[in-house]
Structure formats: structure tokens, C-alpha cells
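Trainee:
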Amino acid sequence: MTLLNTRPIPKRGEIWLINFDPTIGTEIKKTRPGVIISSDAAGKLPIKLTAPITDWKSYFANNLWHVKINPNKINGLNKVSAVDTLQLRGLDTRRFIRKIGNLSEDKIIEIAIAIATLIEYSD
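Residue numbers (the numbering used here): 1 to 123.
1) Taking the alpha helix (DSSP H) that Ile53 belongs to, which residues open and close that run?
2) Do the CB positions of Val67 and Ala114 come within less than 8 Å of each other?
3) What does the alpha-carbon distance come out to for the pair Trp16 and Pro33?
4) Given this structure, state the Cα-to-Cα distance separating Asn62 from Ile47, to the nearest angstrom.
5) According to DSSP, is Arg95 part of a helix, a strand, or is it coil?
6) Measuring alpha carbon to alpha carbon, tell me which of Thr50, Asn78, Ala82 ends up nearest Trp56.
7) Report the rounded CA-to-CA distance for Val80 versus Ile97, giving the unit in angstroms.
8) How would you write the range of the beta strand (DSSP E) that Ile18 sits in, first residue to last?
9) List the DSSP bridge partners of Val83.
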């Protein structure tokens with residue numbers, strides 16, 4: 001008899017506590033929050049495109065790849081933070097520890113715009 005995998009599947013716009021290790025060089029590391037960026041319909045493998053979340057620094061305001069997030073009960077963060085869109089990673093869902101909260105659709109759009117700007121996308 002096989003037990004079914006009952007782990008929740010991370011979904012777009014959710015914030016999860018994620019194990020980003022191992023890393024190399026200046027890649028963001030350790031266990032920290034991250035936001036799911038990829039579409040829920042994308043891919044068949046248990047991999048999600050994620051962006052790590054780090055503590056907000058005032059000099060991030062000049063970086064187009066850092067998206068500021070203020071803490072609230074919905075997102076589950078406890079301090080002013082930044083989504084680092086420069087460090088997007090495809091991660092196996094086994095790295096996801098637990099769901100922390102959700103981002104608003106407006107914030108997800110702001111993150112998508114930062115990513116589009118980084119890759120110099122224009123339509």
C-alpha cells in the first residue's frame with residue numbers, strides 16, 4: 001500500500017519558507033521566505049519559479065529589481081522586506097517548508113514588471 005503525498009502544492013503569489021541552500025558565491029542563501037512566481041498551470045515537474053525575500057535596505061529603493069513588501073497579516077511577514085527578482089530560481093517543491101502567507105495581485109503585478117524590466121522585455 002502506498003501513501004499519497006499530502007503536502008500542499010505551492011501556488012502563484014504565495015509566500016513560503018524555503019530552504020535555498022546549497023548556493024554558490026553571492027546567490028541568496030539559507031532558509032528564508034520566498035514568493036512563488038510561476039503560473040500554477042506551468043510545467044509537469046514539481047518545480048516552482050521563486051524569488052527570495054530578504055530584509056529591506058534603504059538603498060534598495062534605487063534598484064529596479066527589489067520590490068518592497070510591508071508586513072501584514074495576509075502576507076505573514078513580520079518586517080519590511082524586499083523580493084529580490086534578480087535571484088529568481090526554479091526550485092523543487094521539496095525545498096518548501098511551510099506556507100507563510102499570500103501577496104496581493106497588485107504586488108504580484110509589481111514583481112512581474114520588475115522581472116520584465118530586468119530582462120528588457122517590451123511588447
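For glycine and all other residues, C-beta sits at the position ideal for the given N, C-alpha and C.
Mentor: Short version:
1) Boundaries for Ile53: no alpha helix (DSSP H) harbours it, while the beta strand (DSSP E) harbouring it runs 47-55, taken from the DSSP string.
2) It is a contact, given that the beta carbons lie within the stated cut-off.
3) Taken atom to atom, the span from the alpha-carbon of Trp16 to that of Pro33 is near 5 Å.
4) One C-alpha to the other measures close to 31 Å.
5) Correct three-state label for Arg95: helix.
6) When only C-alpha atoms are compared, the closest one is Ala82.
7) If you draw a straight line from the Cα of Val80 to the Cα of Ile97, it comes to about 21 Å.
8) DSSP places Ile18 in the uninterrupted beta strand (DSSP E) bounded by 14-19.
9) Val83 is bridged by DSSP to Ile53, Val67.
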